[in-house]
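When the letters of the sequence shown are read in order and numbered with full-length UniProt numbering, they come out as residues 1 to 107.
Using N, Cα and C, we set each Cβ at its ideal position, and we do this for glycine too.
Remember, it's a predicted structure, so these values are computed and weren't measured experimentally.
Structure first, then comments.
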Amino acid sequence: MANNKPKVIKDYSKLDKDLQEQIKLIYADGFADNLIHFFDKTGQKITVLPFETEDKYYMLRMTENEAVALVDEDDDYDDDGFLKDEVKQDYEDKYSDLDHVADQLED
């Protein structure tokens, strides 16, 4: 992670559709196993899904249960919680020219 990028804490549901699709492409095997935890200044535990773009480092607020539910309720994912092949191909065609997506797909 590049520390010089502004950090944006946001709810996944409030992101625009393009960013949501890019995140699904990066996290094609679901969100829950990729969550990170930290404590805010009041000592409250915060759980987020990290996502980096060219100019921002997003920390998308969600609990583990919410992460599982988001994937379960999303028709882009199959019953096993994996991004469907045709959806993945569509998103790759759509976003692979974006450096931040290409870089994270390589990782």
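How about Val71 and Gly43: are their beta carbons less than 7 Å apart? no
May I ask you to report which of helix, strand or coil DSSP gives Asp79? coil
CA-to-CA distance, Lys14 to Tyr95, given in whole angstroms: 20 Å
Just the Cα atoms here: how many angstroms apart are Glu91 and Asp99? Reading the sequence as shown, one finds Tyr at residue 91 and not Glu. The alpha-carbon atoms of Tyr91 and Asp99 are separated by roughly 14 Å.
Give a yes or no on whether the minimum CB-CB distance between Asp99 and chain B is below 7 Å. Judged by its chain identifiers, the structure shown contains no chain B, having just a single protein chain.
Check: Tyr91 C-beta below 6 Å from any heavy atom of the ligand ZN: Absence of the ligand ZN from the depicted structure is noted, as is the absence of any ligand whatsoever, leaving it without description.
Rounded separation between Phe38 and Val8 - CA only: 14 Å
Enumerate in chain order the residues of its own chain whose CB-to-CB distance from Ala28 is below 8 Å, with the five nearest sequence positions on each side excluded. Phe82, Leu83, Lys88
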